[in-house]
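Numbering (this note's numbering), first residue to last: 1 to 419. Just so it is clear, CB atoms sit at the ideal spot from N, CA and C, and this is done for glycine as well. To keep things clear, I will list the structure first and then write my remarks on it.
Now the structure itself:
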């Protein structure tokens with residue numbers, strides 16, 4: 001019987017080589033970010049074309065997608081463990097493409113919102129399966145290298161996505177943005193269909209057992225560290241989604257600077273990318289808790305400072321850009337570390353745990369973000385106060401996870417052997 005190491009090595013000789021494989025995984029990750037950020041400049045045009053009277057209602061274009069994306073994650077893990085990675089991936093990407101076409105031809109706002117939910121349902125497959133496929137094919141440092149290179153692309157997409165949407169609007173109308181998303185999904189569908197082999201070995205397939213899943217879910221929801229950091233990530237994600245929901249209206253209505261929107265949005269998103277790159281270099285030396293807990297305090301402090309500036313009437317496009325860039329810089333040190341720490345006690349049920357944690361953080365985060373966005377009143381005050389509140393909630397969740405202590409490693413429980 002072959003060892004896991006032998007299996008991993010033999011898997012590397014099948015299908016795409018290393019550079020092609022990295023590009024394929026990067027495209028899987030990019031589909032989600034493109035579907036969120038590329039249409040932000042088009043929200044006014046969508047509202048006008050489809051008769052959306054209240055400007056805040058346009059935010060459903062983002063939130064509906066996030067709800068579908070979060071809700072489906074809990075199902076893809078068990079399905080991929082039972083039926084294999086490739087068929088589940090192709091089915092999910094096919095759903096993404098189909099509803100992208102529906103969105104492009106949507107005659108009403110209600111139809112568009114339903115199509116966006118469908119897009120999110122399909123895109124969730126790429127979120128869950130990208131990591132699973134990489135883990136099936138590689139291990140150790142090679143796996144870390146694949147994920148790092150792919151993640152760089154994932155971080156870069158939010159920086160350029162609004163500019164891509166703005167460029168499409170210059171030469172076409174908003175419907176073509178959804179057409180581009182459908183085309184990108186179709187390209188991945190064909191590429192993976194032709195070049196990606198099945199990476200899950202037949203002997204590793206697991207039956208969909210209600211009792212096994214129920215036990216796994218119970219372990220996820222009762223883990224103090226796992227659930228504490230999941231809830232902390234939920235709050236921080238809610239702040240991010242609140243920014244995404246509000247950003248177009250802030251630049252268009254508050255600062256009257258729609259042409260600067262893609263550029264400043266890119267600079268703010270670049271703060272996340274820069275911090276993520278620095279975190280990869282520093283985390284081994286300093287530890288994930290010291291870095292992320294410090295960053296969380298900085299994140300919350302930025303929210304407080306921004307609230308004071310906004311309430312006192314000293315807000316300008318430049319104070320907004322600088323404070324938000326600093327806030328997102330802190331976010332970049334938080335997100336990956338919180339996700340890793342949430343998974344620390346979950347090694348024996350990693351696939352199911354990742355699905356559940358993704359489900360919780362995305363669904364509740366989307367609802368928090370929608371709540372922040374719906375408070376938009378023509379100023380940046382609701383968003384800045386929302387960031388402050390989310391930072392405080394995240395800090396409370398971390399204190400719960402770590403039994404009231406910051407910066408110190410929580411003793412990990414023994415990891416059970418995989419059944």
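Here the C-alpha atom of residue 48 lies approximately 36 Å from the C-alpha atom of residue 335. Burial of residue 223 is indicated by the presence of at least 16 other C-beta atoms within 10 angstroms of its C-beta. In this structure, the straight-line span from the alpha carbon of residue 73 to that of residue 213 is close to 14 Å. Residue 251 counts as buried, since no fewer than 16 other beta carbons sit within 10 angstroms of its beta carbon. Taking 8 Å as the cut-off, the beta carbon of residue 297 is found no closer than this to the beta carbon of residue 394. Residue burial annotation: residue 174 is buried, with at least 16 other C-beta atoms found within 10 angstroms of its C-beta.
For residue 331, the enclosing alpha helix (DSSP H) starts and ends at 317 to 343.
Its Cα nearest to that of residue 94, the residue 187 stands out among 187, 391, 204 and 146. Assignment of residue 208 by DSSP, reduced to helix, strand and coil, places it in the coil class.
A Cβ-Cβ distance of about 19 Å is found for the pair residue 38 and residue 242, leaving them out of contact under the 8 Å criterion. Here residue 107 is exposed, its C-beta having fewer than 16 other C-beta atoms within 10 Å. Apart from the 5 residues on each side of it in sequence, residue 90 sits with its Cβ closer than 7 Å to the Cβ of 189, 192 and 193 in its chain, given in chain order. Looking from the CA of residue 289, the closest CA among 198, 333, 15 and 56 belongs to 333. Taking residue 181 as reference, the option from 170, 195, 171 and 161 with the minimal CA-CA separation is 161. Per DSSP, reduced to three states, the secondary structure at residue 285 is helical. By alpha-carbon distance to residue 200, the top candidate from 137, 219, 232 and 240 is 137. Non-local beta-carbon contacts of residue 245 in its own chain, meaning distances under 6 Å to residues more than five positions away in sequence, involve 59, 62, 369 and 373 in chain order. One Cα belongs to residue 284, the other to residue 337, and the distance between them is close to 11 Å.
Taking residue 267 as reference, the option from 314, 352, 156 and 277 with the minimal CA-CA separation is 156. Residue state for residue 108 is assigned as coil, using DSSP reduced to three classes.
Relative to residue 171, the option among 42, 221 and 101 whose CA is nearest is 42. Distance check between residue 196 and each of 234, 225 and 87 places 87 closest, using alpha-carbon atoms only. Per the C-alpha coordinates, the member of 158, 313 and 354 positioned closest to residue 274 is 158. The DSSP-derived three-state label of residue 175 is helix. In the three-state reduction of the DSSP assignment, residue 404 falls in the coil class, being assigned neither a helical nor a strand state. Residue burial is scored here from C-beta neighbours: residue 185 has at least 16 other C-beta atoms within 10 angstroms and is therefore classed as buried. A residue is called buried when at least 16 other Cβ atoms come within 10 angstroms of its Cβ; residue 110 does not meet this threshold and is exposed. DSSP, read as helix, strand or coil, puts residue 199 in coil. In this structure, 146 is the residue among 398, 146, 304 and 81 with its C-alpha nearest to the C-alpha of residue 24.
Non-local beta-carbon contacts of residue 177 in its own chain, meaning distances under 6 Å to residues more than five positions away in sequence, involve 38, 39, 42, 165 and 168 in chain order.
Residues of the same chain with a CB within less than 7 Å of the CB of residue 50, apart from the 5 flanking positions on each side, are 108, 109 and 112 in chain order. Excluding its 5 nearest sequence neighbours in each direction, residue 310 has C-beta neighbours in its own chain below 6 Å: 380, 381 and 384, listed in chain order. The distance from the Cβ of residue 96 to that of residue 123 is about 5 Å, consistent with a contact at the 8 Å cut-off. Taken atom to atom, the span from the alpha-carbon of residue 399 to that of residue 406 is near 7 Å. Minimum Cα-Cα distance from residue 300 among the listed residues 365, 306, 388 and 363 corresponds to 388.
Distance from the CA atom of residue 70 to the CA atom of residue 210, rounded to whole angstroms, is 21 Å.
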